[in-house]
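Per this note's numbering, the very first residue in the sequence shown carries number 1083; after that it's consecutive.
Just below is one structure, and these are the notes that go with it.
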Amino acid sequence: MKVILYMAISLNGMIAKSDDDTSWISKEEWDSYSLAVRNAGCLIVGHRTYNILTKQPEFSEFKDVKLVVVSQKDFQTLASNHLVAHSPKAALKLLSNFEQVIVAGGGMLNASFLEENLVDEIFIDIEPIILGKGISLFRDKDFECNLKLVGQKKMSDSEVQLHYKVIK
Ligand SMILES: NC(=O)c1ccc[n+]([C@@H]2O[C@H](COP(=O)([O-])OP(=O)(O)OC[C@H]3O[C@@H](n4cnc5c(N)ncnc54)[C@H](OP(=O)(O)O)[C@@H]3O)[C@@H](O)[C@H]2O)c1
1083 MKVILYMAIS LNGMIAKSDD DTSWISKEEW DSYSLAVRNA GCLIVGHRTY
1133 NILTKQPEFS EFKDVKLVVV SQKDFQTLAS NHLVAHSPKA ALKLLSNFEQ
1183 VIVAGGGMLN ASFLEENLVD EIFIDIEPII LGKGISLFRD KDFECNLKLV
1233 GQKKMSDSEV QLHYKVIK
């Protein structure tokens, strides 16, 4: 199983404004992310991201995607193909029959996956904006991770995608 972290960031590494606003992320970026998720057939997100993502109209594109929410709590999910896992490793275990797994935020969940050395590849879409304050790509954990750049492409007139392999 290949574990892929897929995120959109500001030039300075923010994934949302402090009030969770992500309206600065482009339609092109959403389409690219959505395609990656639908191709993989599964997605792992943190509890805060789940609450936000599932309220977006575009979320209907993921109706056939198996989604695992990572949380320390037990709660009712919104659909039968949405499961709760209490840790990143438990989330991966629930998806062990998939060839690729997309991990997509938020900052707290991303940091947990990296800290536990569970990520194989990273796709980062850089939006043309700098946010003085906000939620960072990796939040509240102290770890180091070495990367190899394996691809880069221009997604639109003002967006770039970077593709890394995690050196383990
Ligand atoms: N730019 C992008 O591509 C992108 C993508 C996704 C999300 N976002 C944004 O990111 C923001 C949310 O990020 P966030 O860092 O605040 O929250 P988050 O990572 O989405 O969720 C945090 C919650 O997830 C659970 N969690 C995370 N790591 C865990 C672990 N190791 N074990 C058990 N539970 C764990 C906990 O839930 P419990 O408290 O229930 O235990 C924790 O409070 C939102 O604004 C969202 O819109 C942006």
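All residues carry an ideal CB built from backbone N, CA and C; glycine is no exception.
Three-way DSSP call (helix, strand, coil) for residue i in this model
i, result
"SER1178", "coil"
"ASP1113", "helix"
"GLU1198", "coil"
"LYS1171", "helix"
"MET1083", "coil"
"ILE1212", "coil"
"GLY1128", "strand"
"GLU1241", "strand"
"PHE1205", "strand"
"SER1100", "coil"
"SER1142", "helix"
"ILE1249", "coil"
"ALA1118", "helix"
Rounded straight-line distance, which links the Cα of residue j to that of residue i
i, j, result
"VAL1232", "ALA1098", "26 Å"
"VAL1085", "GLY1214", "30 Å"
"ASN1192", "ASP1224", "12 Å"
"LYS1109", "LYS1171", "31 Å"
"VAL1129", "MET1089", "Checking the sequence, you will find His at residue 1129 rather than Val. Rounded to the nearest angstrom, the two C-alpha atoms are 16 Å apart."
"ILE1208", "ALA1161", "31 Å"
"SER1116", "GLN1138", "13 Å"
"VAL1166", "TRP1106", "29 Å"
"GLY1095", "MET1237", "18 Å"
"ALA1120", "ILE1184", "Sequence inspection shows Arg at residue 1120; the Ala mentioned does not correspond to that position. Taking the straight line from one Cα to the other gives about 10 Å."
"GLY1219", "GLN1243", "It is Leu, not Gly, that sits at residue 1219 in the sequence shown. Their backbone Cα atoms lie some 15 Å apart in a straight line."
"GLU1226", "ALA1118", "26 Å"
"GLY1123", "ILE1211", "30 Å"
"GLY1189", "TYR1246", "18 Å"
"ASP1102", "GLU1181", "31 Å"
"LEU1125", "LYS1230", "24 Å"
"ASP1239", "THR1104", "19 Å"
"VAL1147", "ASN1228", "30 Å"
"VAL1127", "TRP1112", "16 Å"
Check: residue i C-beta below 6 Å from any heavy atom of ligand 1
i, result
"LYS1155", "yes"
"ASP1113", "no"
"LEU1191", "yes"
"MET1237", "no"
"ALA1090", "yes"
"ILE1217", "yes"
"ILE1134", "yes"
"VAL1152", "yes"
"ALA1186", "yes"
Contact belief for residue i with residue j at Cβ below 8 Å, rounded distance in angstroms
i, j, result
"ASN1199", "LYS1250", "6 Å"
"VAL1150", "ALA1186", "Not quite, the Cβ-Cβ distance comes to about 11 Å (not below 8 Å), so this is no contact."
"ILE1051", "VAL1248", "Outside the shown range of the chain, which is 1083 to 1250, sits residue 1051, and nothing can be said about it."
"GLN1154", "HIS1168", "6 Å"
"LEU1087", "VAL1201", "5 Å"
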